[in-house]
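*Asks:* If you count the sequence shown from 1, position 48 lands on 49 in this note's numbering, and the numbers rise without skipping. Where a beta carbon is used, it is the ideal one built from N, C-alpha and C, also for glycine. Everything numeric in this text was worked out from a predicted model, so none of it was measured.
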Amino acid sequence: MKNIYSFTEEIIEKASNLILKSHKKIRNISYKGISNLVTNVDKEVEAFIIKEITSRYPEHSIIAEESGYKNKNPDYQWFIDPIDGTTNFAHSYPFFCISIAFAKNGIVEFGLIKDPITNELFTAKRNKGARLNGNPIHVSKIKKLSKSLLATGFPYDQQTTRMNNLKNFCNLTLLTHGVRRDGAAALDLCYVASGRVDGYWEIQLCPWDVAAGVLILEEAGGKATGPKGEKYNIFNKQIVATNGFIHKELLKHLK
Ligand code: IPD
Ligand code: CA
Ligand code: CA
Numbered sequence: 002m003k004n005i006y007s008f009t010e011e012i013i014e015k016a017s018n019l020i021l022k023s024h025k026k027i028r029n030i031s032y033k034g035i036s037n038l039v040t041n042v043d044k045e046v047e048a049f050i051i052k053e054i055t056s057r058y059p060e061h062s063i064i065a066e067e068s069g070y071k072n073k074n075p076d077y078q079w080f081i082d083p084i085d086g087t088t089n090f091a092h093s094y095p096f097f098c099i100s101i102a103f104a105k106n107g108i109v110e111f112g113l114i115k116d117p118i119t120n121e122l123f124t125a126k127r128n129k130g131a132r133l134n135g136n137p138i139h140v141s142k143i144k145k146l147s148k149s150l151l152a153t154g155f156p157y158d159q160q161t162t163r164m165n166n167l168k169n170f171c172n173l174t175l176l177t178h179g180v181r182r183d184g185a186a187a188l189d190l191c192y193v194a195s196g197r198v199d200g201y202w203e204i205q206l207c208p209w210d211v212a213a214g215v216l217i218l219e220e221a222g223g224k225a226t227g228p229k230g231e232k233y234n235i236f237n238k239q240i241v242a243t244n245g246f247i248h249k250e251l252l253k254h255l256k
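1) For Arg-182, which of helix, strand or coil comes out of DSSP?
2) Kindly indicate the opening and closing residues of the beta strand (DSSP E) around Gly-112.
3) Grouping DSSP H, G and I as helix and E and B as strand, with all else coil, what is Tyr-77?
4) Along the alpha helix (DSSP H) that carries Phe-8, what are the first and last residues, could you check?
5) For Asn-29, tell me which candidate among Ser-17, Gln-78, Tyr-6 and Phe-90 has the shortest Cα-Cα distance.
6) Taking Cβ to Cβ, would you say Trp-202 is nearer than 9 Å to Val-140?
7) Assign Asn-29 to one of three DSSP states: helix, strand, or coil.
8) Near ligand 2, which residues have their beta-carbon closer than 5 Å to a heavy atom?
9) Quick one: grab the DSSP three-state call for Asn-37.
10) Cutting at 6 Å between CB atoms, please list the residues of its own chain near Met-237, excluding the five before and the five after it.
11) Just reading off the beta strand (DSSP E) that Phe-170 is part of, what are its end residues?
12) Answer yes if the stretch 121–136 comes into contact with the stretch 75–88, meaning at least three C-beta pairs across the two stretches below 8 Å, and no otherwise.
13) Identify which residue in Lys-129, Ile-99 and Gly-214 has its Cα closest to the Cα of Ile-51.
14) I believe Val-198 touches Ala-131 by the beta-carbon criterion, under 8 Å. Please report the beta-carbon distance rounded to the nearest angstrom.
15) Return yes when the C-beta of Ala-212 is under 8 Å from any heavy atom of ligand 1, and no when it is not.
16) How big is the Cα-Cα spacing for Ala-213 and Lys-145?
17) Is Thr-87 a contact residue of ligand 5, with contact defined as CB to any heavy atom under 8 Å?
18) Quick check: does the Cβ of Pro-117 come within less than 8 Å of any heavy atom belonging to ligand 1?
19) Taking its Cβ as the centre, do 16 or more other Cβ atoms sit within 10 Å of Leu-21, making it buried, or is it exposed?
20) For Asp-76, is the beta carbon positioned less than 8 Å from some heavy atom of ligand 3?
21) CB of Ala-185 to nearest heavy atom of ligand 1: below 8 Å?
22) Which full runs of the beta strand (DSSP E) of 3+ residues lie inside the stretch 217–241, going along the chain?
23) Can you find the residues in the same chain that come closer than 8 Å, C-beta to C-beta, to Gly-245, ignoring five residues on each side of it along the sequence?
24) Are Pro-208 and Ile-64 close, meaning C-beta to C-beta below 9 Å?
25) Looking only at DSSP bridge pairs, what is Leu-122 linked to?
26) For Glu-67, collect the residues of the same chain with a Cβ closer than 6 Å to its Cβ; drop the 5 residues on either side in sequence, then sort them by chain order.
27) Could you check how far apart the C-beta atoms of Ala-187 and Asp-82 are, in whole angstroms? I think they sit under 8 Å.
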């Protein structure tokens, strides 16, 4: 029998193929909020992943975006985002991914994030480093915020909340080489982990958005905290994630 990690690697590759096949066949888009979309493909891919996991590990708990919490044995938890970047997916903007993480006794042990379009698989096992398609990855060495490229995202209730992240976005755009808004939190974290951007922050996230990405970032030498520099856990909605070097400076400018 394959070990749990190789099993997950197989599932995520199959899910990625499912997404590629369905890409042109989005039958149905519904709304969870004014700008919070969900497609039939999100639901089908999530159902596929959960079916595979529960048929092999029926006692494990599952925390998945489209079907919520299935609490069974709390010592074994899976965090699943079948498509992170659904808005992009629904508009055929090629920046989305699948994110799967596995936690034992509340500690994420491994995480995998697959971008079906670029065929990039970002992975990490705790204390074993982070990889991209099997090759080790590391955060960037940029030391100053003024020389950095950042990423961020905006909450789905941006039309109605005052906490919409726009002030920080404007300020940091003027203080850095720029702030990208690509629309998939899990991939944003992988991009910090692989040195493509130097830092990232966001204010309304869920555990399935970050469980795999934060482990990948930390195993690549990066740092994740809350917005005041406090210890981060994946149930925090707010995250600041960097290469470590620019962390203090970025925290200082986030209001
Ligand atoms: C969203 C994306 C987006 C972030 C949102 C997330 P979804 O996930 O990661 O970048 O700004 O906060 O909810 O809905 O596409 O899975
Ligand atoms: Ca998501
Ligand atoms: Ca999603």
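*Replies:* Taking the coordinates as given:
1) coil
2) 108–116
3) strand
4) 5–23
5) Phe-90
6) no
7) coil
8) Asp-82, Asp-85 and Asp-210
9) strand
10) Note that residue 237 corresponds to Asn in the displayed sequence, not to Met. Hits under 6 Å: Gly-227.
11) No beta strand (DSSP E) holds Phe-170; the alpha helix (DSSP H) holding it covers 167–176.
12) no
13) Ile-99
14) Contact doesn't hold; Cβ gap of about 15 Å is too wide.
15) no
16) 27 Å
17) Among the ligands modelled here, namely ligand 1, ligand 2 and ligand 3, ligand 5 does not occur.
18) no
19) exposed
20) no
21) yes
22) 224–226
23) Val-140, Gly-222, Gly-223 and Lys-224
24) yes
25) Lys-115
26) Asp-43, Lys-44 and Glu-47
27) 6 Å
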